[in-house]
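With our numbering applied, the sequence shown covers 16 to 603.
Single-structure report; data block below.
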Amino acid sequence: MFWRSVVGKLAVTIIFLVCFVLFILSIFLLQFFENLHIDNAENDMMQMATKISYLVDQQEDHAFIEETTELIKDPSSRIAIIYPNGEMWVSGTADESLQAFQKSWLQNSDDLTEVLTEDQQVKKEIILPDSDVEVIMVGTPILNNGGVFVYHSLDMIDQTRTETSKIIFLAAGVAIILTTFFAVFLSTRITSPLIKMREAAHELTKGEFNTKVPILTHDEIGDLAIEFNRMGRQLKFHINALRQEKEQFSSIVSSMADGVVTLNRNGDMIVTNPPAEKFIEDWYFEHNMTINSNNPKLPHELHEVLQEVIGGEKKVLKEIIIQGRNYVMLMTPLYDGTHVRGAVAVIRDMTEERRLDKLRKDFIANVSHELRTPISMLQGYSEAIVDDIAESKEEKNELAKIIHEESLRMGRLVNDLLDLARMEAGHIQLNREIVEMDSYAERILRKFQGIANDSHIKLTIDKQIEVETAHIDIDKVEQVLTNLIDNALRHTSEFGYVHVSLKNTKKELLVSVEDNGSGIPEEDLPFVFERFYKADKSRTRNAKKKGTGLGLAIAKNIVSAHNGTINVKSKLNQGTTFTFRIPNQTMN
């Protein structure tokens, strides 16, 4: 709107000031010209009266005096001459409203009488008796108590004053029009660069930092435009610097092995990196909750620590166990000046350190435990043969068969240990081939269908094959699948189920094996992929759960050799889900 713009405000201000000045000036001018006209008229009339009084003093011929007076007087005025002998003569006039002078006026006005009695000149504005006509009257004395009176109607002066007022008002109107034009022009010239700056500022708010304001003048507004352009360049520089720092910070946080969570005072998660997201996802799984991807709820352990950090304004260290993994969290307050505006939590997975400690302690014990049983059996049965405890040939053959089976078992254990050692040393070699995933999965599943039926376990598969083939080491991936399915069947009770899910896309091969079996204790979850791990702590051997405890460790190394990942989720007496991902590679 015009009245709300700078142009309108500036123009209206200038016009108002000019109008106010013209109003005051007009009042003074009107008063001045009014007084000027009256003073000029009185002076002219007084000069006229003085000339006539001088003529009367010099001449005795009244006819000559009166004729001369008629010639020199103003046609619209009257002149009255009172001679020293008391005679009075009044001239004619063109103004019909102007009455003839009467001696009775002298009696009603002391000022007029003073002309005759005290020889004083008189200037006076009076209203004629028996009339509403206002006149200006002057009088000058004549020697020996005579006088000359000249009077003129004010209507003629009013007409002159009216004409003068018209001229003054016309000049004021022209001045206002010109002032309005120049005010709008001047304000437009002043505000045009400001409008350009406003448009440039609007572009800056949209991120267009290359916007420049044209320098239209070389005054203060021009200097302001120069500084505005300099501000835009500096702002662009600082924004780019902040963007680079933000990208650097984001890259650093994303590449950290530790989880990082930035929180405000309300517990809203502002920044999280992948390890922190994995921690939160496991926490939700642990507490049977569904995570809201748009606004995930902060785990209550972190919320309690956050309140402690905000209240005490100091860092807090806390250890959390989720899905059997040990996390150590250090939360430090974030300050806005002296006010705590939030906190940053660094979450470190200490499971690997704990695992290595446990591995060093348990490796010798596990190897000794695995070898002690077959060695004891080899020793016992061989002594039985040497001591002729087995008398018949059949008994000796049976003992020899047991010795042979235990030696094969020891051989498999040693071979598995050697294979695992080579894999962990990075000496594993993959023989990648193109395989059709549909028939490949069906073939592996058929191997276990008979075992599943004998155990009354429902074995199913769900295939989502977007890409028909995959580029993998067929034998080694089959070894992984075989190990996972075999473990699921061996730890699932009768009338349970084992469900295999296979998804093959351009991006990856995703396989999960889910069962509703005995599950894995939470404290054992971090160690399932370690050597000699067994959920059966008593190491009891039976036909259903025998094994070396190296299968999952080998499976993990095979998946890692394919640049993939494998993980497990489990709850005791509810079931276990193993999932591995292998990136799909395109043949050159």
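Built from N, CA and C at the ideal position, the CB exists for glycine as well.
Scan the stretch 201-230 and note each continuous alpha helix (DSSP H) run of 4 residues or more that stays entirely inside, going in chain order.
Runs found: none.
Would you identify the three-state DSSP class for glycine 327, choosing helix, strand or coil?
For the purposes of this step, residue 327 is identified with residue 312 of the sequence shown, where counting begins at 1. In this structure, glycine 327 counts as helix in the three-state DSSP scheme.
According to DSSP, simplified to helix, strand and coil, what is glutamine 263?
Translated into positions along the sequence shown, residue 263 becomes position 248. The answer is helix: DSSP assigns glutamine 263 an H, G or I state.
For the beta strand (DSSP E) containing proline 156, list its first residue and its last residue.
As a first step, residue 156 is located in the sequence shown; it is residue number 141 there, counting from the start. In this chain, the beta strand (DSSP E) harbouring proline 156 covers 149-157.
Classify alanine 64: buried if its beta carbon has 16 or more other beta carbons within 10 angstroms, exposed otherwise.
Along the sequence shown, one-based indexing puts residue 64 at 49. Per the 10 Å Cβ criterion, buried.
Assumed close pair glycine 161, tyrosine 69 - CB separation to whole angstroms, cut-off 8 angstroms:
Translated into positions along the sequence shown, residue 161 becomes position 146. Translated into positions along the sequence shown, residue 69 becomes position 54. About 12 angstroms separates the Cβ atoms of glycine 161 and tyrosine 69, ruling out a contact at the 8 angstroms cut-off.
Assign glutamate 368 to one of three DSSP states: helix, strand, or coil.
Residue numbering aside, residue 368 sits at position 353 when the sequence shown is read from its first letter. Three-state result, glutamate 368: helix.
Cα-Cα separation, leucine 370 to lysine 221:
Here the question's residue 370 lines up with position 355 in the sequence shown. Here the question's residue 221 lines up with position 206 in the sequence shown. Note on identity: in this sequence residue 370 is arginine, with leucine being the wrong assignment. Cα-Cα distance, rounded: 53 angstroms.
Look at alanine 115 and valine 130 and say whether their C-beta atoms are less than 8 angstroms apart.
Position 100 of the sequence shown holds residue 115. Position 115 of the sequence shown holds residue 130. Contact annotation: alanine 115 and valine 130 have beta-carbon atoms that are not nearer than 8 angstroms.
When burial is assigned at 16 or more other CB atoms within 10 Å of the CB, is asparagine 588 buried or exposed?
Working through the sequence shown from its first residue, we reach residue 588 at position 573. It counts as exposed.
Is it right to say methionine 60 is buried, meaning 16 or more other beta carbons lie within 10 angstroms of its own, or is it exposed?
Taking the sequence shown and counting its residues from 1, one reaches residue 60 at position 45. Classification for methionine 60: buried.
Taking the alpha-carbon of aspartate 126 as reference, which of Ile87, Thr203, Met152, Gln249 has the nearest alpha-carbon?
Working through the sequence shown from its first residue, we reach residue 126 at position 111. With distances taken between Cα atoms, aspartate 126 lies closest to Met152.
Is the beta carbon of serine 119 sitting closer than 8 angstroms to the one on threonine 108?
Working through the sequence shown from its first residue, we reach residue 119 at position 104. Working through the sequence shown from its first residue, we reach residue 108 at position 93. Contact: no.
On the DSSP letters alone, give me the boundaries of the alpha helix (DSSP H) that glycine 101 sits inside.
Counting from 1 along the sequence shown, the entry for residue 101 is found at position 86. No alpha helix (DSSP H) holds glycine 101; DSSP gives it neither H nor E.
Whole-angstrom distance between glycine 101 and isoleucine 67, CA atom to CA atom
What you label residue 67 is simply residue 52 of the sequence shown in a count that begins at 1. What you label residue 101 is simply residue 86 of the sequence shown in a count that begins at 1. Here the alpha carbon of isoleucine 67 sits roughly 17 angstroms from the alpha carbon of glycine 101.
Using the rule of at least 16 other Cβ atoms within 10 Å of the residue's Cβ for burial, across every protein chain shown, is arginine 458 buried or exposed?
Numbered from its first residue, the sequence shown carries residue 458 at position 443. Exposed is the call here.
Would you identify the three-state DSSP class for histidine 486, choosing helix, strand or coil?
Taking the sequence shown and counting its residues from 1, the one referred to as residue 486 is at position 471. Of the three classes helix, strand and coil, the one that applies to histidine 486 here is strand, per DSSP.
Run the CB neighbour count on serine 652, radius 10 Å, all protein chains shown included, and call it buried at 16 or more, exposed below.
Outside the shown range of the chain (16 to 603) lies residue 652, about which nothing can therefore be said.
For the alpha helix (DSSP H) that proline 290 lies in, which residues bound it at each end?
Translated into the one-based positions of the sequence shown, residue 290 becomes position 275. Residues 289-301.
What did DSSP end up calling glutamine 73 once you bin it into helix, strand or coil?
What you label residue 73 is simply residue 58 of the sequence shown in a count that begins at 1. Helix at glutamine 73.
What residue does the beta strand (DSSP E) around isoleucine 94 start on, and which one ends it?
Looking up residue 94 in the sequence shown gives position 79. 92-97 is the span of the beta strand (DSSP E), which, as asked, contains isoleucine 94.
According to DSSP, residues forming a beta bridge with aspartate 530
In the sequence shown, residue 530 corresponds to position 515, counting from 1. For aspartate 530, which the question treats as bridged, DSSP gives the partners Val513, Thr591.
By Cβ distance below 8 angstroms, which residues in the same chain neighbour glutamate 6 in space, the five residues on each side in sequence not counted?
Missing from the structure shown is residue 6; the chain here goes from 16 to 603 and no further.
Reference glycine 590; option with closest CA among Ile535, Gln600, Asn599
The sequence position of residue 590 within the sequence shown is 575, counting from 1. The candidate whose alpha carbon is nearest that of glycine 590 is Ile535.
Cβ contact (3+ pairs, closer than 8 angstroms) linking the stretch 41-60 and the stretch 71-81:
No, the stretch 41-60 is not in contact with the stretch 71-81.
Out of curiosity, what's the CA-to-CA distance linking tyrosine 396 and phenylalanine 510?
By one-based count along the sequence shown, residue 396 stands at place 381. By one-based count along the sequence shown, residue 510 stands at place 495. Straight-line Cα distance between these residues: approximately 39 angstroms.
Aspartate 351 - DSSP class collapsed to helix/strand/coil
The count along the sequence shown starts at 1 and reaches residue 351 at position 336. In this structure, aspartate 351 counts as strand in the three-state DSSP scheme.
Just to confirm before moving on: does the CB-CB distance between lysine 491 and leucine 445 stay below 8 angstroms?
Residue 491 sits at position 476 when you count from the first residue of the sequence shown. Residue 445 sits at position 430 when you count from the first residue of the sequence shown. Yes, they are a contact pair.
Look up leucine 278 in the DSSP assignment and give the residues it is bridged to.
Along the sequence shown, read from residue 1 onward, the residue named residue 278 stands at position 263. When beta bridges are read from the DSSP output, leucine 278 appears opposite Met284, Ala358.
Reducing DSSP to helix, strand and coil, say where proline 389 ends up.
To locate residue 389, count along the sequence shown from 1; it is residue 374. Three-state DSSP puts proline 389 in a helix.
Using only the alpha-carbon positions, how far apart do lysine 559 and asparagine 498 sit?
Against the sequence shown, residue 559 aligns to sequence position 544. Against the sequence shown, residue 498 aligns to sequence position 483. With a pLDDT of 45 at lysine 559, under the threshold of 50, the modelled position of this residue cannot be trusted; read the value that follows with caution. If I take the Cα positions, the gap works out to 14 angstroms.
Cβ of glycine 357 within 8 angstroms of Cβ of arginine 280?
Start at 1 with the first residue of the sequence shown, and residue 357 comes out as number 342. Start at 1 with the first residue of the sequence shown, and residue 280 comes out as number 265. Contact: yes.
Whose CA, out of Ile191, Thr155, Ser146, lies closest to the CA of phenylalanine 38?
In the sequence shown, residue 38 corresponds to position 23, counting from 1. Nearest of Ile191, Thr155, Ser146 to phenylalanine 38, Cα basis: Ile191.
Whole angstroms is fine: what's the gap from methionine 346's alpha carbon to isoleucine 306's?
Along the sequence shown, read from residue 1 onward, the residue named residue 346 stands at position 331. Along the sequence shown, read from residue 1 onward, the residue named residue 306 stands at position 291. Those two C-alpha atoms are separated by around 23 angstroms.
For serine 585, count neighbouring Cβ atoms within 10 angstroms of its own Cβ and tell me buried if that reaches 16, exposed if not.
As a first step, residue 585 must be located in the sequence shown, where it is residue number 570. Under the 10 Å beta carbon count, serine 585 is surrounded by 16 or more other beta carbons and is classified as buried.
Could you compute how far the alpha carbon of isoleucine 336 sits from the alpha carbon of arginine 363?
What you label residue 336 is simply residue 321 of the sequence shown in a count that begins at 1. What you label residue 363 is simply residue 348 of the sequence shown in a count that begins at 1. Take the alpha-carbon of isoleucine 336 and the one of arginine 363: they are about 12 angstroms apart.
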